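K.L.:
Got a structure for you, questions after.
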Amino acid sequence: MIKFTNVFKAFPKGGLALKDVSFHVAKGEFAFLTGHSGAGKSTVMKLIYAEERPTSGEVRVSGYNVNEMRPREVPRLRRKLGIVFQDFRLLEDRTAEENVAFALEVTGARSSTIAARVMRVLTQVGLAAKAQAYPRELSGGEQQRVAIARALVNEPTVLLADEPTGNLDERATRGVFQLLRDINASGTAVVMATHDLDLVRQAPYRVIELQEGALVYDSAVDEARDQAAAP
Amino acid sequence: MNLTFREAILTFKRAPLLSVLSVTTIAFSLFVLGLFGLVVINLQDALHNVEERVEVVAYLLPGAPIEATAQALKDIEAFPEVQSATYVSEDDALARARAELVELRDVMQELERNPLPASIEVKLKPGFRDTDHVAAVAERMRGFGFVDDVRFGRDWVEKLDRLRGLAAAVGIVVGAAFAVVAIIIIGTTIRMAVLQRSREIAIMRLVGATDGFIRLPFLLQGAIKGLLGGMVAVGLSFAAFLLINRYLLQSAFFTQEQAVAIIAFGALIGLLGSTISVGRHLKRV
Ligand SMILES: Nc1ncnc2c1ncn2[C@@H]1O[C@H](COP(=O)(O)OP(=O)(O)O)[C@@H](O)[C@H]1O
Ligand SMILES: [Mg+2]
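Here you go:
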């Protein structure tokens, strides 16, 4: 589903953001991407949604090879992904409903089906009652739910969440995290970047840890090795 | 498609001042172009009238045989450049001179002998009324044995040619200059629109909109602005035409096709300006 093989990423005006990173996330899996600020989490995300190309190594995402992808293939990949950010990225002059519908309209969905699909995901994230509200009328947690609904409306196989709780208080954080767990339970793979270790400890999920661009811990690999070493 | 159109229209709502400004500038550019166009078509009409009078006259030697003259007339009429050839006998020439030169009527009455030669007057078909063709026809007419001299007012035929060439050249230069200005203006407004909507564009990309889809509203918006500008320009030109007719001189206006062409040209300029601009600026968003 998502496979990094010996990935290096250097930015023109920065140092090495990723150094020899390899991991594999399977279909339906939930994986945390952890590490301090600047460790390279967002860079991993950008490589997954083909915003950036690896400097060397290989990135494969649901059948696409990001290294040699043609520009016009990028939109096709993104329609298979749902992407959520710390800052929500909603359009201020559109209601919750319109923000979600936007994602369908720009991908050329049939207009007769849009309203029903939008209501279904808004219900799923628990915001059906606030469909007509504008972002400024919603709390941070609610705005993030709208963003998640927008990410889900194209029925992605993978949900990418880059610090989705970074701007939220504790209560909203728990709510959004639970929502992501529910989404994963219904079959969608989730990759969640976070530096909130409390959150990571709450759930028995895969953990991939970056430090200054290097992968220093991967629970899938390290636990298997620990178990093999145990008597 | 529905969304594309809505997005294109939304820009007018979001930046009404900028939109009005860009439509106005395009309209003004095309209006100046339109005024120039009016001058050109009216000049063209005038030239056409003058051209109609372009003729080649072959004066015949006295006593040219009548059969040979008739045959020559047929031959000349068969030239590809020739519209009509008319035989003017010595008596016709004298009658015409008497009618046209009233002051000399008395002198003419007293003439013992008609001093005027017979001639063949040749009119050329439109499209052949320029120096080269006129000279070629004149040269061929000189070939007939009984032709004494051939005249065709070479000087003003050449002047006419030059004037027409100049009008076309100035028209093309001024037209191109204004088109470029309009394209730059449209490009700038599209640039602002792209920057203003950069957040939206970034989100469109994230959710998988194609570049073509993202581009379309901007192109449409440019074309609509060009179209509106073109219509305003035709309207202004018409107002100018009415004023000129009323206070200056009788003149001609664009034909329906020409007016449509100006509006289409506006749309084309708008499309071109936005195409050039949107490609460059979308990359930076
Ligand atoms: N576009 C860029 N140009 C230059 N350097 C960058 C760019 N994006 C990220 N970096 C650098 O790459 C490193 C990793 O950044 P990032 O992936 O955003 O970390 P994280 O998301 O874990 O905080 C940082 O040192 C950052 O400064
Ligand atoms: Mg980050």
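These protein sequence lines are chains A and B, in that order. In terms of our numbering, the first sequence opens at residue 1241 and continues consecutively. In terms of our numbering, the second sequence opens at residue 92 and continues consecutively. For glycine and all other residues, C-beta sits at the position ideal for the given N, C-alpha and C. As the structure is a prediction and not an experimental result, all values here were calculated from the model.
1) Would DSSP call H1264/A helix, strand or coil?
2) Going by DSSP, what residues sit across from Q1451/A in a beta bridge?
3) Buried or exposed: L297/B, going by 16 or more other Cβ atoms within 10 Å of its Cβ?
4) By the DSSP assignment, the alpha helix (DSSP H) with V325/B in it spans what residues?
5) Show which residues of chain B have a CB atom less than 7 Å away from the CB atom of A1343/A.
6) Listed in chain order, which residues are found with a beta carbon closer than 6 Å to a heavy atom of ligand 1?
7) Nearest-angstrom Cα distance between V141/B and K250/B?
8) Counting only beta-carbon atoms, is P1315/A nearer than 7 Å to chain B?
9) Give a yes or no on whether the minimum CB-CB distance between R1329/A and chain B is below 7 Å.
10) Cβ of D1402/A within 7 Å of Cβ of A1443/A?
11) Check whether the Cβ atoms of P1396/A and G1322/A lie closer than 7 Å to each other.
12) Reducing DSSP to helix, strand and coil, say where N1305/A ends up.
13) Using a Cβ cut-off of 7 Å (strictly closer), state whether V1346/A contacts chain C.
14) Mind checking whether Y1445/A and F1263/A have CB atoms under 7 Å apart?
15) Distance cutoff 7 Å, beta carbons only. Does I294/B sit that close to anything in chain A?
16) So which residues on chain B does N1394/A lean against when the C-beta distance must stay under 8 Å?
17) Taking 7 Å as the CB-CB limit, is I1473/A close to chain B?
18) Just to confirm my understanding: we take Y1457/A, look at its own chain, exclude 5 residues before and 5 after, and list those with CB closer than 6 Å. What are they?
19) If we call anything under 7 Å between Cβ atoms a contact, is Y379/B one with D221/B?
20) Tell me where the alpha helix (DSSP H) around D1422/A begins and ends.
21) V241/B by DSSP, collapsed to three states: which one?
22) Using a Cβ distance threshold of 8 Å, determine whether the stretch 1379 to 1396 of chain A contacts the stretch 1352 to 1364 of chain A, with at least three qualifying pairs required.
23) Please tell me whether L1318/A has its Cβ less than 7 Å away from any Cβ of chain B.
24) Within its chain, find whatever has a CB closer than 7 Å to the CB of K214/B; leave out the 5 residues flanking it on each side and keep chain order.
25) Alpha carbon to alpha carbon, how far is F356/B from L124/B? Give it in angstroms, no decimals.
26) How would you list, in chain order, the residues of chain B whose beta-carbon sits under 9 Å from the beta-carbon of I1323/A?
27) If you count every other CB in all the chains shown that lies within 10 Å of the CB of S1379/A, and 16 or more means buried, which is it?
28) With DSSP run on the structure shown, which of helix, strand or coil describes K165/B?
29) Taking only three categories from DSSP, how would you classify K214/B?
30) Between the C-alpha atoms of G236/B and L164/B, what's the straight-line distance to the nearest angstrom?
31) Closer than 8 Å is the cut-off here; do at least three beta carbon pairs connect the stretch 1368 to 1376 of chain A with the stretch 1416 to 1427 of chain A?
32) Taking 8 Å as the threshold, find out whether the stretch 306 to 325 of chain B comes into contact with the stretch 351 to 369 of chain B through three or more Cβ pairs.
P.N.:
The answer reads as follows:
1) strand
2) A1454/A
3) buried
4) 302 to 338
5) V298
6) F1251/A, K1253/A, G1254/A, A1257/A, G1275/A, S1277/A, G1278/A, A1279/A, G1280/A, K1281/A, S1282/A, T1283/A
7) 11 Å
8) yes
9) Residue contact check for R1329/A against chain B: a CB pair falls below 7 Å.
10) no
11) Yes; because the gap between Cβ atoms is below 7 Å, this pair is in contact.
12) strand
13) The chain labelled as chain C is not found among the protein chains of the depicted structure, namely A and B.
14) Going by C-beta atoms, Y1445/A is not nearer than 7 Å to F1263/A.
15) So, interface residue.
16) V298, G299
17) This structure cannot settle anything about residue 1473/A, because the visible part of chain A is limited to 1241 through 1471.
18) E1449
19) There is no way to answer for residue 379/B, as the model of chain B reaches only from 92 to 376.
20) 1410 to 1425
21) strand
22) yes
23) According to the sequence provided, residue 1318/A is Arg. The question's Leu does not apply to it. Judged by the 7 Å Cβ criterion, R1318/A is in contact with chain B.
24) E146, Q174, S175
25) 11 Å
26) L297, V298
27) exposed
28) When secondary structure is reduced to three states using DSSP, K165/B falls in the helix class.
29) strand
30) 13 Å
31) Judged by Cβ distances under 8 Å, the stretch 1368 to 1376 of chain A makes no contact with the stretch 1416 to 1427 of chain A, as fewer than three pairs qualify.
32) yes
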